[in-house]
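Written out below as structure tokens is the structure these notes cover.
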Amino acid sequence: MARSRQPHMRAVCLTTVTILLAVLAPRSWAASAEEWKKIGEAAKKEGKVVVSIPASSELRKQMEPAFEQRFPGIDLELVQGTATAMHRKISDEFAAGVRYFDLHLGGALTMNSGFVASQIVDPIEPNLLLPEVTDAKNWWGGHMAVDREKRFTYLFSAFLVASFWHNTKAANASELRSYDDLLNLKWKGKIGWLDPRQPGGGIGVWEYMWKHKGEEYLKRLVTQDLQLSRDQRVMAESLAKEKLAVTIGITYYSYRSFVSAGLPVSPLPVFKEGTYGTAGSGILAVIKNRPHPNATKVFVNWLLGKEGQEVWTKSMSQPTRRRDVDTAWTAKLGSIAAKDNISVERWNEVEQNSADNETAASAAANGARRLIPN
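Residue numbering for the sequence shown follows my numbering, starting at 1470 and increasing by one per position.
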């Protein structure tokens, strides 16, 4: 079933990139020095920019001081939360006429089915102003978006996911080289999965398995008494304490503190069936009728510049697509930078971010809700 769809999906993805490169070609209208100065002055009068970000304390700790040092007089207010919770909050406020947030950083599923579908975001293009941002040559693969119109999102991170982690005392990596190895009864009750019935890394893995292993495989895997959770921190702690042997769907930034403490948690090598490509949380959207439009422009161009992308990659271990930022080191942490390891053509075959992938994503999500007991 999965293989019969692949040629069609590959053609769709290649067309997507072609369209996007045409839409986001290098700008002749990039801001002049004088225009950029005026935007900066207006941004200082606005005083701040409010950004919804993933639930990562490390990102907040690194990003706020870096931005505020670079642009004194503009406070960066970062609001942490899951993608689902932040969409609910922002969309509810929007419906009530409240305008508090300026931007959202998050994953593809909620970005497309939530922010874009709700029509609460503006086109990205008018906010891309500095040459180092607008020049497609600075980006592996050129400019990319995940929404169908290629107007309302900007994908700045791209990597292959090693989102299977193991407790090195409870499971030897040599025992887990294929998805079929997860069916071994010794792992029954010892596999944790970030709930694939909600947006996030859990559904990403489920979708890839759905395509490449099929529904019958997933039916068997569900009988392994999967330990589901919607709390990444709790699941990571369970692995660190050896309550679980393997976790699925959560990545390094949930394990950072445990790795730093020397606890026996480590990403598994990519299984022989391969893995999917994602932006993680590295997608940007600009909220419609935002309260700080000039500060938004300043933040967007800082974030998508070299400095901002270095901060992002360091904080989240989700490698950027910028060519001038070192990302080779993230592979050791389970995030395999696309620009360092595969071609753009291969990326288009394995990525699961694009709205063009909605049919397969919807089938997989429906399958998760149907096969997993409540």
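The beta-carbon is built from N, C-alpha and C at its ideal position, and this holds for glycine as well.
The alpha helix (DSSP H) enclosing residue i, as first and last residue numbers
i     : result
F1768 : 1762-1772
E1687 : Here the sequence assigns Leu to residue 1687, which means Glu is not the residue at that position. Where L1687 is concerned, the enclosing alpha helix (DSSP H) stretches over 1684-1691.
A1642 : Here A1642 belongs to no alpha helix (DSSP H), and DSSP marks it neither H nor E.
T1782 : 1775-1785
A1829 : 1827-1840
A1554 : 1552-1564
D1604 : Note, D1604: premise wrong, no alpha helix (DSSP H); not H, not E.
Per-residue burial, residue i [other beta carbons within 10 Å of its own, 16 or more giving buried]
i     : result
E1504 : exposed
G1836 : buried
P1476 : With a pLDDT of 38 at P1476, under the threshold of 50, the predicted position of this residue should be treated as unreliable, though the coordinate-derived value follows. That one is exposed.
T1551 : buried
D1452 : A query on residue 1452 cannot be resolved here, the shown segment of the chain reaching from 1470 to 1843 and no further.
R1666 : buried
T1716 : buried
K1507 : exposed
Q1778 : buried
V1590 : buried
P1523 : buried
E1685 : exposed
A1833 : buried
E1510 : exposed
L1493 : Note that L1493 has pLDDT 45, beneath the 50 cutoff, so the model's placement of it is unreliable and no number is given.
S1823 : buried
K1514 : exposed
Close-in-space but distant-in-sequence residues of the same chain around residue i (CB under 6 Å, 5 per side omitted)
i     : result
G1659 : Here residue 1659 turns out to be Lys, not Gly, going by the sequence shown. Only L1713, A1714 meet the Cβ criterion.
G1566 : none
L1802 : Y1721, S1786
A1512 : I1543, N1763, A1764, V1767
L1490 : Note that L1490 scores a pLDDT of 40, beneath 50, so its modelled location is shaky and nothing firm can be said.
From the options, residue whose alpha carbon lies closest to that of residue i
i     : options                    : result
H1556 : P1541, N1581, M1704, Q1821 : N1581
K1808 : F1625, A1502, P1592, L1547 : F1625
T1622 : L1572, K1606, Y1721        : L1572
N1641 : A1552, E1711, P1842, E1814 : E1711
E1594 : F1570, K1619, R1790, A1577 : K1619
L1545 : F1563, T1553, V1794, V1518 : V1518
L1528 : T1747, G1575, K1514, Q1821 : G1575
D1793 : W1609, A1800, S1726, D1700 : W1609
First through last residue of the beta strand (DSSP E) which encompasses residue i
i     : result
G1671 : Counting along the chain, G1671 falls outside any beta strand (DSSP E), though it belongs to the alpha helix (DSSP H) covering 1670-1681.
I1508 : Per DSSP, I1508 belongs to no beta strand (DSSP E); it is in the alpha helix (DSSP H), 1502-1515.
P1736 : 1734-1736
T1716 : 1715-1717
V1809 : Inspection of the sequence shows that residue 1809 is occupied by Asp rather than by Val. D1809 -> not in any beta strand (DSSP E); alpha helix (DSSP H) instead, spanning 1807-1810.
A1499 : Taken as a continuous stretch (DSSP letters only), A1499 belongs to no beta strand (DSSP E), as it is neither H nor E.
Neighbourhood of residue i by C-beta distance below 7 Å, restricted to the same chain and skipping five residues each side
i     : result
N1596 : V1755, T1765, K1766, V1769
R1702 : S1723
Same chain, Cβ closer than 8 Å to residue i, five either side skipped, listed in chain order
i     : result
Q1588 : K1757
P1495 : A caution first: P1495 carries a pLDDT of 42, below 50, which makes its placement in the model unreliable, though a value can still be read off. Answer for P1495: T1603, D1604, A1605, K1606, listed in chain order.
R1790 : W1608, W1609, G1610, M1613, L1624, F1625, S1626, A1627, A1807, K1808
> Is the segment 1636-1650 close to the segment 1828-1838, with three or more CB pairs under 8 Å?
Replying inline: no
> Are the segment 1808-1821 and the segment 1727-1742 touching, with three or more C-beta to C-beta distances below 8 Å?
Replying inline: no
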